[in-house]
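Heads up, the thing below is written out as structure tokens.
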Amino acid sequence: MNTKRWLAIVGASILLAISLVVNTASSIFSTNWSTLMEEVTSTANTEFFETVLEPGSIDERVAILTVDGTIQDTGGTTSLFGTEGYNHQFFLEQLDQVRYDDSVKAVVLQVNSPGGGVVESAQIYKEIREIQEETGKPFYVSMGSMAASGGYYISAPAEKIFVNKETMTGSIGVIMQSINYGGLAEKYGVEFVTIKSGPYKDIMSPTRDMTEEERNMLQEMLNDSYEDFVDIIEQGRNMTEAEVKKVADGRILNGRQAVEAGLADELGFLEDAVAAVQADYDLEGAEVFEYGYSPSFSSLFAMKAQSFLGVDIESKLIAKLIADNSAPKMMYLYGNE
Numbered sequence: 000m001n002t003k004r005w006l007a008i009v010g011a012s013i014l015l016a017i018s019l020v021v022n023t024a025s026s027i028f029s030t031n032w033s034t035l036m037e038e039v040t041s042t043a044n045t046e047f048f049e050t051v052l053e054p055g056s057i058d059e060r061v062a063i064l065t066v067d068g069t070i071q072d073t074g075g076t077t078s079l080f081g082t083e084g085y086n087h088q089f090f091l092e093q094l095d096q097v098r099y100d101d102s103v104k105a106v107v108l109q110v111n112s113p114g115g116g117v118v119e120s121a122q123i124y125k126e127i128r129e130i131q132e133e134t135g136k137p138f139y140v141s142m143g144s145m146a147a148s149g150g151y152y153i154s155a156p157a158e159k160i161f162v163n164k165e166t167m168t169g170s171i172g173v174i175m176q177s178i179n180y181g182g183l184a185e186k187y188g189v190e191f192v193t194i195k196s197g198p199y200k201d202i203m204s205p206t207r208d209m210t211e212e213e214r215n216m217l218q219e220m221l222n223d224s225y226e227d228f229v230d231i232i233e234q235g236r237n238m239t240e241a242e243v244k245k246v247a248d249g250r251i252l253n254g255r256q257a258v259e260a261g262l263a264d265e266l267g268f269l270e271d272a273v274a275a276v277q278a279d280y281d282l283e284g285a286e287v288f289e290y291g292y293s294p295s296f297s298s299l300f301a302m303k304a305q306s307f308l309g310v311d312i313e314s315k316l317i318a319k320l321i322a323d324n325s326a327p328k329m330m331y332l333y334g335n336e
């Protein structure tokens with residue numbers, strides 16, 4: 000390579016480096032750092048606060064708790080490029096607050112969820128039942144556009160369930176899914192090598208077909224969780240097993256159908272559920288409030304990082320697809336959220 004070509008390469012490299020520095024500096028200085036620092040400073044001292052929705056007696060209060068999104072425990076962490084949605088640990092903390100706060104006399108649970116993990120749903124259910132039994136505090140539920148599968152599971156112990164006509168609920172059952180791309184891999188000459196300690200170690204492997212024996216083993220597991228789900232509804236809704244199983248085949252119901260089937264009590268919205276619990280428990284003058292939490296520094300940094308690096312939605316969806324199917328698990332879940 001002659002001297003002129005070397006000089007051209009070096010020159011191009013210098014121009015590229017200058018371009019990167021200029022673009023980076025431009026992006027950094029375009030950020031409103033004073034606003035960012037105010038956000039960080041204001042959230043550094045507290046992560047938990049209350050917002051009053053209706054002023055009233057501070058000795059008799061109604062707490063509104065919200066489950067919005069897929070019920071799953073992500074460990075309370077946010078990746079560099081992730082954003083925060085339903086926070087399982089934070090919701091459990093809210094239930095803990097309700098349990099020990101003597102000023103909270105009733106709870107309205109606002110549910111807008113397709114369901115989620117079997118374990119997480121059962122954990123929420125257990126906490127609600129313990130609060131009801133230990134403190135006598137009633138739970139009323141207001142279902143949003145969707146309260147299906149696990150979303151219904153956590154609603155079942157409520158003293159009253161409100162739905163609107165357009166609510167999608169039901170989907171009572173358990174599902175476990177996996178992707179089998181073995182045929183596609185074979186088409187392109189891709190061979191998978193698996194070394195395992197036992198015949199079932201790669202059960203539900205995405206690289207091969209499932210055997211009938213394996214399918215029966217998994218079906219037995221799902222059947223156990225399904226029966227638990229049915230028992231939960233029997234107890235919470237005071238229904239017989241036959242009445243529950245009449246609609247517990249995975250079907251989706253709208254609000255009207257849910258009321259007719261005994262899965263819900265009345266048509267109404269959040270304000271109707273609040274008014275009902277106030278009237279039923281002599282809490283007309285009670286303060287109505289909800290809990291909130293400040294975004295963590297990691298989530299704030301994640302949002303800034305996404306904006307700065309231009310992470311596109313398509314990449315995030317692909318990453319989610321890979322993550323969701325890396326380890327199949329039983330779910331109380333409607334659809335493929």
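Numbering (numbering that gives the first Met the number 0), first residue to last: 0 to 336.
C-beta atoms are modelled at their ideal positions from N, C-alpha and C, and glycine is treated no differently.
From the DSSP output, in three-state form, read off Arg255 for me. In this structure, Arg255 counts as helix in the three-state DSSP scheme.
Who are the near neighbours of Ile174 in its chain, counting only those whose CB is closer than 7 Å to its CB and skipping five residues on each side? Taken in chain order, the residues that qualify are Met330, Leu332.
For the alpha helix (DSSP H) containing Thr134, list its first residue and its last residue. Secondary structure note for Thr134: its alpha helix (DSSP H) is the uninterrupted segment 117-134.
For Glu49, collect the residues of the same chain with a Cβ closer than 8 Å to its Cβ; drop the 5 residues on either side in sequence, then sort them by chain order. So the list reads Phe288, Glu289, Tyr290, Gly291, once near-sequence residues are dropped.
Residue interval of the beta strand (DSSP E) (run including Arg60): For Arg60, the enclosing beta strand (DSSP E) begins and ends at 56-67.
Pick out whichever of Thr134, His87, Ala146 has its Cα sitting closest to the Cα of Gln122. Check the Cα spacing between Gln122 and each of Thr134, His87, Ala146: the tightest is with His87.
Taking only the alpha-carbon atoms, compute the straight-line gap between Ala274 and Glu283 and give it to the nearest angstrom. Between Ala274 and Glu283, the C-alpha separation is close to 8 Å.
Cα-Cα separation between Thr210 and Phe90, rounded to whole angstroms: In a straight line, the C-alpha of Thr210 is about 40 Å away from that of Phe90.
Measuring alpha carbon to alpha carbon, tell me which residue in Ser56, Thr69, Val106, Gly68 is nearest Ala272. Comparing alpha-carbon positions, the option among Ser56, Thr69, Val106, Gly68 lying closest to Ala272 turns out to be Val106.
Which whole runs of the alpha helix (DSSP H) in the region 77-113 are 4 residues long or more, in chain order? The qualifying runs are 87-99.
Measuring CB to CB, does Asp248 end up less than 8 Å from Gly172? The answer is yes: Cβ separation under 8 Å.
Tell me, please, which residues DSSP counts as bridged to Ser141. Within the DSSP bridge table, the entry for Ser141 names Gln109, Phe161 as partners.
Please report the Cβ distance between Asn112 and Ala62, rounded to the nearest whole angstrom; I am assuming they are in contact, meaning their Cβ atoms lie under 8 Å. Correcting the residue type first, residue 112 is Ser in the shown sequence and not Asn. Ser112 to Ala62, Cβ: 18 Å. No contact.
Here's the rule I'm using: 16 or more other beta-carbon atoms within 10 Å means buried, otherwise exposed. How should Asp264 be labelled? It counts as buried.
For Gly235 and Thr69, what's the separation of their Cα atoms in angstroms? Near 22 Å, if we compare the C-alpha coordinates of Thr69 and Gly235.
Answer yes or no: do Pro205 and Asn222 have a C-beta to C-beta separation smaller than 8 Å? Their beta carbons are not under 8 Å apart, which means Pro205 does not touch Asn222 by this criterion.
Tell me whether the region 213-233 and the region 148-165 touch, counting them as touching only if at least three CB pairs, one residue from each stretch, are closer than 8 Å. With the rule of 3 Cβ pairs closer than 8 Å, the region 213-233 counts as touching the region 148-165.
Using the C-alpha atoms, what's the distance from Thr134 back to Tyr99? Rounded to whole angstroms, the gap between the alpha carbons of Tyr99 and Thr134 is 9 Å.
Determine, using beta-carbon pairs with one atom in the region 244-258 and one in the region 160-169, whether at least three such pairs fall under 8 Å. Under the 8 Å Cβ criterion, the region 244-258 counts as touching the region 160-169, having at least three qualifying pairs.
For Ser120, count the other beta carbons within 10 Å of its own beta carbon; 16 or more makes it buried, fewer makes it exposed. Which is it? Residue environment for Ser120: buried (at least 16 other C-beta atoms within 10 angstroms of its C-beta).
Span of the beta strand (DSSP E), counted from its first residue to its last, around Phe191: Unbroken run through Phe191: none, as it is neither H nor E.
Compute the distance between the beta-carbons of Gly114 and Gly84, then report whether it is under 8 Å. Going by C-beta atoms, Gly114 is not nearer than 8 Å to Gly84.
Pull up the distance between the alpha-carbon of Ser41 and that of Val66, whole angstroms please. Note that Ser41 has pLDDT 40, beneath the 50 cutoff, so the model's placement of it is unreliable and the number below is only indicative. Rounded to the nearest angstrom, the two C-alpha atoms are 25 Å apart.
Opening and closing residue of the alpha helix (DSSP H) in which Glu242 lies: For Glu242, the uninterrupted alpha helix (DSSP H) segment begins and ends at 240-244.
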